[in-house]
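Chemist: Please read through the structure below; I'll follow up with questions.
Number of protein chains: 4
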Amino acid sequence: MAALALDTSLYGGLLGDAEFAALLSDAAEIAAMIRAEKALARAQARLGIIPGAAGEALAAALETVVIDPAALRAGLTRDGVAVPQLVAALRGQLPPELRPWLHWGATSQDISDLALVLRLSLVLDAVEARLDALIRRLAGLADTHRATLCLARTRTQAAAPTLFGLRVANWLQPLLRHRARLGEIRPRLLVVQLGGAAGTLAAFGPQAIALMDALADELGLGRAVPWHKARDRIEEFGGLLAMITASLGMIGADLMQLAQSEVAEITFDGAGGSSTLPQKQNPVVAEVLVALARFAAHQVGALHQAAIHPTERDGAAWTLEWLALPPLIQATGAALRQAGEAFGDLRVDTARMRANLDATRGLVLAEAASFALAAAMPRADAAARVREAVAAVVSGAAPHLLDALAAAGDASIDWEALRDGRVGLEPADLLIARVLAEAEAMVGAAP
Amino acid sequence: MAALALDTSLYGGLLGDAEFAALLSDAAEIAAMIRAEKALARAQARLGIIPGAAGEALAAALETVVIDPAALRAGLTRDGVAVPQLVAALRGQLPPELRPWLHWGATSQDISDLALVLRLSLVLDAVEARLDALIRRLAGLADTHRATLCLARTRTQAAAPTLFGLRVANWLQPLLRHRARLGEIRPRLLVVQLGGAAGTLAAFGPQAIALMDALADELGLGRAVPWHKARDRIEEFGGLLAMITASLGMIGADLMQLAQSEVAEITFDGAGGSSTLPQKQNPVVAEVLVALARFAAHQVGALHQAAIHPTERDGAAWTLEWLALPPLIQATGAALRQAGEAFGDLRVDTARMRANLDATRGLVLAEAASFALAAAMPRADAAARVREAVAAVVSGAAPHLLDALAAAGDASIDWEALRDGRVGLEPADLLIARVLAEAEAMVGAAP
Amino acid sequence: MAALALDTSLYGGLLGDAEFAALLSDAAEIAAMIRAEKALARAQARLGIIPGAAGEALAAALETVVIDPAALRAGLTRDGVAVPQLVAALRGQLPPELRPWLHWGATSQDISDLALVLRLSLVLDAVEARLDALIRRLAGLADTHRATLCLARTRTQAAAPTLFGLRVANWLQPLLRHRARLGEIRPRLLVVQLGGAAGTLAAFGPQAIALMDALADELGLGRAVPWHKARDRIEEFGGLLAMITASLGMIGADLMQLAQSEVAEITFDGAGGSSTLPQKQNPVVAEVLVALARFAAHQVGALHQAAIHPTERDGAAWTLEWLALPPLIQATGAALRQAGEAFGDLRVDTARMRANLDATRGLVLAEAASFALAAAMPRADAAARVREAVAAVVSGAAPHLLDALAAAGDASIDWEALRDGRVGLEPADLLIARVLAEAEAMVGAAP
Amino acid sequence: MAALALDTSLYGGLLGDAEFAALLSDAAEIAAMIRAEKALARAQARLGIIPGAAGEALAAALETVVIDPAALRAGLTRDGVAVPQLVAALRGQLPPELRPWLHWGATSQDISDLALVLRLSLVLDAVEARLDALIRRLAGLADTHRATLCLARTRTQAAAPTLFGLRVANWLQPLLRHRARLGEIRPRLLVVQLGGAAGTLAAFGPQAIALMDALADELGLGRAVPWHKARDRIEEFGGLLAMITASLGMIGADLMQLAQSEVAEITFDGAGGSSTLPQKQNPVVAEVLVALARFAAHQVGALHQAAIHPTERDGAAWTLEWLALPPLIQATGAALRQAGEAFGDLRVDTARMRANLDATRGLVLAEAASFALAAAMPRADAAARVREAVAAVVSGAAPHLLDALAAAGDASIDWEALRDGRVGLEPADLLIARVLAEAEAMVGAAP
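Chains as they are written, first to last, in this note's numbering: chain A, 1 to 447; chain B, 1001 to 1447; chain C, 2001 to 2447; chain D, 3001 to 3447.
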C-alpha cells in the first residue's frame, strides 16, 4: 500500500493528518511486514514446521534489523511488491543458520496483506477514537441547544421553525450508525492472510490449517480462509470510510450554509482571512469537509474496481488497491481532524437564529397556522385561508402572517401563541432525546 | 426514484432484468406511495390524530384508485417530486369528506422515502434469494470438483497446481460474507420515515412520536428518527450492491480467462456466436458480469455524493440519489441473473485442466520440488538446485522439471510422487471444506 | 449501445429528454445499423467487391424491411451484440439471391460502431443546437444586466459589488469554449469503422482500403483506420458531455444560491410547490441541473475504464461502453433542456440585489475604500484604517462603513462617491463586452 | 494544488515519477507563486498602476527571497489558501518601501491559479515529450514487425491471423490523437488569471484590461477573461490525462495478455520475480499501466465535480480541485515513464506467435476459407462447408481445417496457399503504413 502525502509541508495542516500519514508511511509498512514475518516464524516453530528454536531466534533477531525504505525501492520496482527484496534484505542481516526459516512457505501477498491488515487495525482504532470524540462533542452541542429555535430550510427555502439541537442531532445520527458499522466490520476485516504461492497452503504440510489459525492468534487477528483474490473486505472498509467522510461533508455543507453572510448563524474562531477583503470570515474548515467528502466519493469506486480480481492473483487489480486505499484513508483522517477543529472553533449566534426566523414575517408559521385553522374548519378552507394570508405578506399588504390571519377574522384562534414558533416542537425535543440516548449508550455521556 | 430501462426490448436480455425493472417501475413507485399513505391514515386514525373512521375508510378507498403515471408527470416536473400531484390526484378520486385526512401532516419526502424503503425491501428479498441460489449452485460445483486438479495462475503466470474446487470456493467466499452483510443492513435500511415538513413532526401533536412508531409497525419497518437529510442508509445499501456486483465481476473475469482459447478449461453451452467466425465461442455471460461490475463501481460514488446533503432538505442531493440508485440496482439484478445463467451453462473440461498442467513440463512443481529438496539439504541449496532445473527446462535441455532434478542426482527423493501435482494439496481440500461448511450453515445443503 | 429510460412516464419531464431518448432508442439503433449495411453494400458494389447490381438492389430492399427489436432480443442475449441476429433477420426478408452479399466481409463491431457514430452525429447536432440557443439567451441576459449592480460572494461571504451581467457572462464563458470543443471533436469522432473480423480488412481483397474510404464517403463520415480497440474518441466525447453538464451544474448551483430565501435575487415562474408549505417556491430546475452534473461526473470515468480494451476486441470493455454512454448522453440532453427552461422562467429582482448590497452596511466596499485611502496614505495605513472601520460596523458602533471612515477623519476623500458600489466597475463592463463579442462571433447576435 | 507522494521512497519507482513529483512539489508551487507576483508587479509598473520603479525593484528583490513551505503551513491551514501567508512572508523580506506594491489589487486566487497554470505548462511539456518518445518507439516497433504474423484474439477467442505490426499500430493510433489534442488544449489552458477580489478587476483602475493582457504577455500566457469560477479548462486537461493513461492501460492490458504463460508471445527483460516461484516472470510494468489507468479513470470525475463551482468563488469546489488534480497528473507521469520502460525491456517472440497460430489447427483460417470457397459457390454453401470442417477439427476427426476442407472435395482451391495465414493481409500492411505516416508527420521519423 503506497502512501499519499497530503501531508506535504504546505498542505498537510489543511488536507492531511499526521497520525494517519504515519500509519500509511513506508516505515509503518516495513515494520508491519517484519511483524508478520516474526509471527509466522513463531507460529511455525510452535507447530514444528520449522525447527523449534528457530522461531524465537528469528523473532529476536528481527527485533534489531534496520531496513531503509530506499534500499527496497529497486526491488519493489522490479518485482511489483516489496516482499522479495525485504526478505532478501532481512536475510542479509540474519545469522546464516536462521536465514532459511524466514518467510518459510509464505508468498509475498501473505506478508503484504498481513501488513495491510495490521495497519488497518490501527486505522480502525484511530477512526473509532476520533468518531467517539466527535460524537461526544456533538451530543454536548445538541444538548446545549435543545431549546434553541432556528429556521429549518428545505430546497433552499425558509420552511418552518425547528430546534438547533435537532439539526445537531441530525449530524449525529449517521455517526452513531457508522460507529455500529465499525463494530460489525472489525471482525470481518481484521483476519489472517496465509495461503502460500497459490493460496493452497501447499508448502506447509499437514499442519497447514493449524498454522493458519495459529498465525491469526499470534497476531490477534481473526481466522479466515486465504482471501488473496477475494477483496470484499477492503471494499467494505473503503465504503465505510467514504460514508463517514460523506457524513462529515454533509455537516460541512450545513456549516458553510450557516456561515454564509446572509444567514450568519455561526462563525468560527480564527476563520480564514482574505488577502484583500478585511471584512471576510471564510468558513475554511467547513469547506474542507465538503471537499474531502466529494473527493472520497470519487475514490471508493476504485476499490470496487480493484475487487474485480481474476486468477489466483492479479497484479493490476492488486496494485490498483494500493493506489486507491491511501487517498481514502487520508481523506477520512483529515476530515475527522478538521471536523474536530470545526466544532472546537464554532460560535453559535442564537440571536441571529431568532432574527432570521422573524425576518420571514411569519411565513414559516404557515404550516402551523394551517393546522391551527384546520381544528376549526375544513382543511381545504384552512389551506385557502393561509394561502391568502401568505399572499398578503408576500405582496407587502400585511406585515406578518399572523396579522393577516387575525385580520381575516379568525379571532377565535390564539394567534399570538404561534408567534414565537415554538408551538408543535415538543416531538422535536423528544427526537433529540432519542438520539442523545443512543449516543450515550454507545460512547458514554456527553461532557 | 427514477427507473432505468436497461430493459429495452433489445438489450434487456443481456443487460437488464425483468424482475428488478418491475420493482423500479413507475407503477411500483406509485403503488408504494399509495401504500404509505394508507398506512399513515390507519396509524393516525388509531391514535386519534385524524377521525377514527377516516383511517379504514381512506385505506379502503385507496384500494381502488387508479393512477396513470403520465398524469403525474407534469406535476412532478414542476414540483421536483411526485407526491404533491399524487396527493391531488388521489384526493380527486376520494369522497370529499375523506380528502382532508389524506397525507395529514406528512411531507412529500416522508411518502417518497417510505415508498423507496418499501421497494428496497423487495429488492433486498430478490437479491437475497438470488444470492442464496448462486451460493447453493457454487457450493455444489465446488463439491463436485473438490479433487479436480488444475493450474493456479498468479500475475498472468502458471504458478502451481491447485484444486478447481478451491477456485470455486474462492468465488463463493465473498458471497457468503455478502449474505451476512445483507442481514446486518436489513434492519438498518428498512426503517420508517416520518418527519413532516421540517423533520420536526410539528403537525402531529403530542402523539407524534407514537405515530412515527405506529407507522413503522403498520408497514413492517423498523423504528427510526426522521432521516430526511441523513442518507447513509442508502449509501450503505448501494455499497453492498457494488460489492456483490464486483464479486460477480471477479467470477466473470475468471470465467473469461478460463474460456480463453489458449486456456479452454471451460465452455458455455450456447455461447455467443460471431457474425463471421464460425469457430468462435464467445463467453458472453462472463463478459457481461465484468462489464456490469465495472459499471457499478462507477455508480456507487454518486450515492456517497448524494449523501452530502445540506439543510433540512436539499433538492439537488435528493434528486442525485434518484439518478444514482436505479442503475446500481439494475446492474446488480442483471449480474445476479447472468451469473445464474453462466453456471447453468458451464461445462468444465477437466482433461484440459490436466493437459494445461502437463504443458508446463513440471515448472509449476518448482515450489513443491524446493520443499522436497529442503528436507534433504539447506534451503538455499535446494532453491539453487531447483533454479538450475527450471533453467534446463526453459532452455529445452530437459523435457520436464522432475527429469532435470532426477538427473541432477537427487535420486533419494521420490520425484515421481510429485509428478501429478497433487502432493501438498490436502490443506486445500480442507479449505474447501471450511467454505462449504459455512455455506451449508448459511443457506442449507448444496443440491 | 443500450438505452436509458430516464424518460419514464413519471420522471421523463424532470430528468429525461424526449429528443435524446429517441436518438438512443432501439428503433434508432436498428435503423442506423441498417443504414450502415446499405452503405456498405453500395460501396462494395461500386468497387466490384460484390456484384455491381447487388449494391443498389440491397439498398432498395433494405428500405422496406421491418425489424421488431423484440425479435432480436434473444439473439443479442446469446451473441452479446445485436448484429448477427439482425443480419439473419434482414436476410430472411431479402430475396435469396441478395442474401449472400449483405454484411459481406464485415464484422459485427463494424456495423455496431457505425450505427453508434451515425447516432452520435445526431446527438452532436442536438447538443450544438441547444448550446447555441442557450448561448444566445445568456448573451441577451448579460446584455440586459450589463449595469445591474449586485453582490459578489466568495467563500460564502459577501465580498464586493459586481455586475449581474458579469455573473451571467461567467456562466456564458465556458459554454463558448464547449462550442469550440464541439467543433474540434466532430471530425475526430464522426469517422468510419470498417475492419472486418480481426481489424485487418482481410475479407475485402485488394480494394479493402478503397472500400474503407468509400464507406466513409457514403455515410458522410471521416476516413480512419479501424479503431475497434482504440476507443479514445468515445472517451473524448463523453468527457465533453460531462464538461457541458458540469458547466450547467455550475449555473444551477448559482441559481439555487440566488433563489435561496435569504438571498431571493431570482425566482422562477411556476416554481415547484410543497405538499405542506404554501409559502415555498422551490427552484426545481436549478436543483436538477446540479443533480445531473454530479451524476454525469460519476459516469464519465466508466468510459475511460472502457477504453482499457485488451486484445483485438474485448467483450467486457465493449459492453461497458454501451452501459456507460447512454446515461451521460441522457443527462446532457436533460440538462440542456432544463437550462433552457430555467432561463425561460427566470425573474431577476434587481431591487433585491440592491437591497442585499445595502444590507452589508458598506462592508463590501472595504476593498474600494482601501484603494481610495491608499491614494492618500501608505497602503498599510490605509488597510489598518479600513480594518478599524470594519470592526466599528461589525460591532454596531457605526451604521455604515463609509460613515465610520468619514468619522475617522478622512474627509478629504469623497466617500459618497463610493456609496452605490459602482466605482471601479468599468473594467467589469469591458469583460462583459469581451464575452459578448465572442458569443456574437460564435453564434450570432443576441436577441 | 496539493502534491501526492506516490513518490515515497518505497513505491516511487513503481508508481511515481520524480520529474512529475517535482513539478507538483511545495517548492515548485511557491516558486511559481513568486513568479506570478513578480510578473504582476512588472506589468503594473509598466502601466503606471504602481510606481514605475517599484516593478523592477520588486522583481529583483523577489529573486532572492527564501520561503520555507513549513512557514506557510499554519497560514494556509487558517486561510484555506497559501497566498495570504506567502504575501505576508514575502513582505517581511522586502524593503519597507516596496511592501505596499506587492500583490497590489490581486486576489489570492489570481496568484494561486497563475501558479497552477505555470506549472501545468511544464506538465504539458513533459507529457508531450514523453508521448513523442513513446510514439517514436512504437513506430519503430510497428515498422520492425510489419510482416510478423500473429494471432488476433476477439472476445477471448482465437480469431484470425493478423500482423503484430498492426497491433502495435493500434497502440499507436490513439497516442497520435492525444498528441493532436495536446496541441488544441495548450492555448485554451495556458491563459492568464487576473480578476481581483470579486473577479471585476475593480482595484486596477482604467488600465485594468490592459493590465490583464500585459500580465498574460509577461508570463507567456494567453489572454483571457477571469475564470475564477469557470473551471472547464482544468476539467479538459484532466480528461486528456485520463485518456492518455487509459490508452497506456489498454497497451498494458495487451502486454499482460501477451505475457500470459499460455500465450507467451512477449517477455520483459528483468521481469518481476516471485518470492517462492523461481519459474515466474511477472509482467510488472504491464500490470502497473493497467492499475494506473483504472485509478485515473476514477480520479477524473472529481475534476468535473469541482467544476460545479457556485458563487464568485467556492472554497469547497476549489479545494476539491486541489485534491483531484495531483493524483491524475502523477498517475499520468508514472504511466508514461513505465510505458517507456516496458518497451525498452520488451522481447518479442515471433516463433511463439507462429506456434500459437499453428496450434489452432487452422481454425483461425475459417474466415479466409469461407471467402475462398465463396468464390466458387454460394456464400451460404461455403459457410456450411466451413462449419462442417470446423466441427471436424474441433471433434478431432481432422488434424487441420485445411485438411478437412481438402478432404471435403474442394480440391479446386489452392488450400496450401492459405496455410501460413498471410493471405488477405495486404490491407493490414497498408493500415500500418497509414498510421506510421501519420506518426512521421507528427513527431518525425522512427529511429
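Beta carbons are placed, not taken as given, at the ideal position from N, Cα and C, and that holds for glycine.
For a contact defined as C-beta to C-beta under 8 angstroms, what are the partners of B:Pro1069 on chain C?
Modeler: Thr2008, Ser2009 and Leu2010
Chemist: According to DSSP, what are the bridge partners of B:Pro1161?
Modeler: In DSSP, B:Pro1161 forms a bridge with B:Leu1151.
Chemist: By Cβ distance, which residues of its chain are closer than 7 angstroms to C:Ala1978, with the 5 residues on each side in sequence left out?
Modeler: Here chain C covers residues 2001 to 2447 and nothing more, so residue 1978 of chain C does not appear.
Chemist: Give the secondary structure of A:Ile413 by DSSP, where H, G and I count as helix, E and B as strand, and everything else as coil.
Modeler: coil
Chemist: Please compile the residues from chain A whose C-beta is within a distance smaller than 8 angstroms of the C-beta of C:Pro2283.
Modeler: Arg155 and Thr156
Chemist: To which residues does DSSP link C:Phe2237 through a beta bridge?
Modeler: According to DSSP, which records beta bridges pairwise, C:Phe2237 is partnered with nothing at all.
Chemist: Given a limit of 9 angstroms on CB to CB distance, which residues of the segment 1247-1272 of chain B reach chain C?
Modeler: Taking 9 angstroms as the Cβ-Cβ cut-off against chain C, the residues of the segment 1247-1272 of chain B that qualify are Gly1249, Gly1252, Ala1253, Met1256, Gly1270, Ala1271 and Gly1272.
Chemist: Taking the alpha-carbon of B:Gly1195 as reference, which of B:Ala1208, B:Leu1122 and B:Thr1267 has the nearest alpha-carbon?
Modeler: B:Ala1208
Chemist: How would you label B:Gln1305, buried or exposed, when you count the other beta carbons within 10 angstroms and need 16 or more for buried?
Modeler: buried
Chemist: Under 8 angstroms between the Cβ atoms of A:Val386 and A:Arg361?
Modeler: no
Chemist: Smallest Cα separation from C:Ala2312: which of D:Ala3169, D:Gln3330 and D:Val3423?
Modeler: It should be pointed out that residue 2312 of chain C corresponds to Glu in this sequence rather than to Ala. For C:Glu2312, the closest of D:Ala3169, D:Gln3330 and D:Val3423 by C-alpha to C-alpha distance is D:Ala3169.
Chemist: In the segment 3077-3092 of chain D, which residues sit with their C-beta less than 7 angstroms from some C-beta in chain A, listed in chain order?
Modeler: Thr3077, Arg3078, Asp3079, Gly3080, Ala3082, Val3083, Pro3084 and Val3087
Chemist: Would you call the CB atoms of C:Ser2247 and D:Ala3307 closer than 8 angstroms?
Modeler: yes
Chemist: Whole angstroms is fine: what's the gap from C:Pro2278's alpha carbon to A:Glu367's?
Modeler: 8 angstroms
Chemist: Specify, as a first and last residue, the run of the beta strand (DSSP E) that A:Val348 falls within.
Modeler: Leu346 to Val348
Chemist: May I have a chain-ordered list of the beta strand (DSSP E) segments no shorter than 3 residues that lie completely inside the segment 1308-1395 of chain B?
Modeler: Runs of beta strand (DSSP E) with 3 or more residues, each lying fully within the segment 1308-1395 of chain B, are found at 1346-1348, listed in chain order.
Chemist: Which residues of chain A have a Cβ atom closer than 8 angstroms to the Cβ of C:Pro2278, listed in chain order?
Modeler: Ala366, Ser370, Ala383, Val386, Arg387 and Val390
Chemist: Judging by CA-CA distance, which residue of A:Phe343, A:Val435 and A:Ile329 is the nearest neighbour of A:Phe237?
Modeler: A:Ile329
Chemist: Nearest CA to the CA of A:Ala286: which residue from A:Asp345, A:Ala316, A:Ala41 and A:Gln157?
Modeler: A:Asp345
Chemist: Could you name the residues of the same chain whose beta carbon sits closer than 6 angstroms to that of B:Gly1421, not counting the 5 residues immediately before and after it, in chain order?
Modeler: Only Leu1149, Pro1161 and Leu1357 meet the Cβ criterion.
Chemist: Would you give the residue range spanned by the alpha helix (DSSP H) that A:Thr77 belongs to?
Modeler: Unbroken alpha helix (DSSP H) run through A:Thr77: Pro69 to Asp79.
Chemist: Rounded to whole angstroms, what is the Cα-Cα separation between A:Ala216 and A:Asp110?
Modeler: 12 angstroms
Chemist: With a CB to CB cut of under 7 angstroms and the five nearest residues on each side skipped, what residues in its chain are close to D:Ala3428?
Modeler: Thr3162, Leu3163 and Leu3166
Chemist: Return the CA-CA distance between A:Val443 and A:Ala32, expressed in angstroms with no decimal places.
Modeler: About 30 angstroms.
Chemist: Would you check if the distance between the CB atom of B:Val1117 and the CB atom of B:Gln1044 is smaller than 8 angstroms?
Modeler: no
Chemist: D:Pro3226: which of D:Ala3259, D:Leu3190 and D:Leu3255 sits nearest, CA to CA?
Modeler: D:Leu3190
Chemist: Less than 7 angstroms between C-beta atoms, sequence neighbours within five positions excluded: which residues of the same chain meet that for A:Leu401?
Modeler: Arg361, Gly362, Leu363, Leu365, Ala366, Ala369, Ala389, Val390 and Val393
Chemist: CB-CB under 6 angstroms to A:His309, same chain, minus the five flanking residues each way: which ones, in chain order?
Modeler: In chain order, Lys229, Arg231 and Ala317 place their CB closer than 6 angstroms to the CB of A:His309, counting only its own chain and leaving out the 5 sequence neighbours on each side.
Chemist: Rounded to a whole number of angstroms, what is the C-alpha to C-alpha distance between C:Ala2202 and C:Ala2126?
Modeler: 37 angstroms
Chemist: So does B:Val1443 have its beta carbon nearer than 7 angstroms to some heavy atom of the ligand HEM?
Modeler: Of ligands this structure carries none, so the ligand HEM is not represented either.
Chemist: Assess contact between the segment 3086-3100 of chain D and the segment 13-26 of chain A, defined as three or more Cβ pairs (one per stretch) separated by less than 8 angstroms. Is contact present?
Modeler: no
Chemist: Can you tell me where the beta strand (DSSP E) holding A:Thr267 begins and where it ends?
Modeler: Ile266 to Phe268
Chemist: Quick check on the DSSP output: the alpha helix (DSSP H) that includes B:Ile1034 runs from which residue to which?
Modeler: Residues Asp1026 to Arg1046.
Chemist: When you compare the CB of B:Val1290 with every CB in chain C, is at least one pair closer than 8 angstroms?
Modeler: So, interface residue.
Chemist: Comparing C-alpha positions only, which one of B:Ala1133, B:Gly1396 and B:Ala1159 sits nearest to D:Ala3261?
Modeler: Note on identity: in this sequence residue 3261 of chain D is Ser, with Ala being the wrong assignment. Ranking B:Ala1133, B:Gly1396 and B:Ala1159 by Cα distance to D:Ser3261 puts B:Ala1159 first.
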